[in-house]
Every structure is written in structure tokens, then in C-alpha cells.
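A.B. asks: Once you've had a glance at the structure underneath, I'll fire off some questions.
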Amino acid sequence: PEEQPPPDEGACKLGYLGEEGADIRMEVVALGSSDAARPVSDGDGLDIIMPPQGGRVLFLGVRATNLGACAVQLSGSLRDPETGRVMSESRTVNLKPTGDGWGASVDADISTFANVGVCPNNWSGRNIFDEDYEIVVQVKDREGRMAKEVRQVRPACNEPEFEVECRCICKHGYILGEACK
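First residue of the sequence shown: 29, per this note's numbering; consecutive thereafter.
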């Protein structure tokens, strides 16, 4: 008889992070213009970044424990508290174990962060930069268990080489194709 390959050959084998059965715990992180992720607290500035696909995004990620590291559904959103309008993005990620029972989005791999497209700004009633917004980051494991964190943040155009364009395409009233000087 032919040998059958073992099931799930090549599948994620990162295992469980933390304590099985315990509530998921998580921390919000964001990738900054220095290509390093840092924890996000209420009131923090958040770098608006130019991604490979163009436009501008917030890279919202997570550090989490008490869940499987594989196939975690990560979603991130930016909400305008004045209008209630939301820009969001969701993706399936594998959290990289950090050796302490936690797993995290990986600084060098933007695909492990929710890439929340916020500019061109044709959605918010005000500038994206230097204004107060709310971010929501949520994780859901393969068993359907969820955790969510909300932070009040102030997005900023902090990439010096792209600041003029950022302040142009992220301003209130930007029209696609408008010249940025």
C-alpha cells in the first residue's frame, strides 16, 4: 500500500500560547515609521505609513496569550468618533511565539499586521493626522474565542521623506488625483 503523508503536512505547527482554557489576553501594538512595533496606550500618537501598495495605512498588530498561535483572525479599524465612520481591515495571521507564553505580530513582516487603509482621505469629515481617533484591534482564535481592545489615538505623518504627500492625501476634502505640493 502507498504511504499516506501525515495529516496537515506543512501546516502551522506553532502550537498553543499560554494557558489553555484561560481567557485570551492581548496588547495592541502598532508598527511605527522606524519599522519597529510598540505598544499602543490611550492618547498615543500613531504613525501613518506608506505601504508597498500605495496610499497610507496604520499597521495595527497584537501581542496575545492563551490562544493557538496559528490562523488567528486579526482585525483592526480606525473610527472617526465625530461621524462614527470606520475604516477596517481583517486578515488571518500566525502569531510568532516570543518565548514567554505570548505570541505577536512580527516587525519585519507587515502581513502579520492589519493594514488599515486610512488615506487617501475620502471618508472622514476631518484630517486623519493630528486629530483624535479611536482604534479597535480584535483577535479571534480557531475555536471562535475573541478578545478586543480599544484605544484613543492621534495619527501623525511621521515619515519625513513622505510628509508633504501624507499631509496632502490625508487631509479633509482631498480629491483623488489632486496635486500635492
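Every residue gets a Cβ at the ideal spot worked out from N, C-alpha and C, and that includes glycine.
What are the boundary residues of the alpha helix (DSSP H) that includes C194?
C.D. replies: Run containing C194: E191 to I197, per the alpha helix (DSSP H) assignment.
A.B. asks: Reducing DSSP to helix, strand and coil, say where S139 ends up.
C.D. replies: Here S139 sits in helix by DSSP.
A.B. asks: Shortest alpha-carbon distance to E47 belongs to which of G83, P79, A97 and L86?
C.D. replies: Residue A97 is the option with its Cα nearest to E47.
A.B. asks: According to DSSP, E101 sits in a beta bridge with which residue or residues?
C.D. replies: One detail in the question is off: residue 101 reads as Gln in this sequence, not Glu. T120 and K168, per the DSSP bridge assignment.
A.B. asks: If I measure Cβ to Cβ from D72 and keep anything under 6 angstroms in the same chain, skipping five residues before and after, which residues do I get?
C.D. replies: Correct list, in chain order: V181.
A.B. asks: Report back the beta-carbon spacing between T140 and V164 to the nearest angstrom; my notes put them in contact at under 8 angstroms.
C.D. replies: In fact, because the Cβ distance is near 18 angstroms, the residues do not count as touching under 8 angstroms.
A.B. asks: Counting pairs of beta carbons, one from the stretch 61-68 and one from the stretch 97-113, are three or more of them closer than 8 angstroms?
C.D. replies: Contact fails: fewer than three Cβ-Cβ distances are below 8 angstroms.
A.B. asks: Pairs of beta-carbons, one from the stretch 191-199 and one from the stretch 141-157, closer than 8 angstroms: are there three or more?
C.D. replies: Short answer: they touch.
A.B. asks: For the beta strand (DSSP E) containing R182, name the first residue and the last one.
C.D. replies: Run containing R182: M174 to A184, per the beta strand (DSSP E) assignment.
A.B. asks: Assuming N150 and Y202 make a contact with CB atoms under 8 angstroms, what is their CB distance in whole Å?
C.D. replies: Correct: roughly 7 angstroms between the Cβ atoms.
A.B. asks: In the DSSP assignment, find the beta strand (DSSP E) that holds E55 and state where it starts and stops.
C.D. replies: Here the beta strand (DSSP E) through E55 covers R53 to L59.
A.B. asks: Check for me: the beta strand (DSSP E) holding V113 runs from which residue to which?
C.D. replies: This sequence places Arg at residue 113; Val is not what is there. Element bounds for R113: n/a, residue is neither H nor E.
A.B. asks: Going by the C-beta, is W130 closer than 7 angstroms to any heavy atom of the ligand GTP?
C.D. replies: By its list of ligands, the structure shown contains no ligand whatsoever, and the ligand GTP lies outside what it can speak to.
A.B. asks: Can you look up P67 in the DSSP assignment and give me helix, strand or coil?
C.D. replies: P67 falls in the strand class under three-state DSSP.
A.B. asks: Return the CA-CA distance between Q81 and I52, expressed in angstroms with no decimal places.
C.D. replies: Those two C-alpha atoms are separated by around 32 angstroms.
A.B. asks: Which term fits L106, buried or exposed, when burial requires 16 or more other beta carbons within 10 angstroms of its beta carbon?
C.D. replies: Its Cβ being crowded by 16 or more others within 10 Å, L106 is buried.
A.B. asks: Where does P125 sit, in a helix, a strand or coil, going by DSSP?
C.D. replies: P125 falls in the strand class under three-state DSSP.
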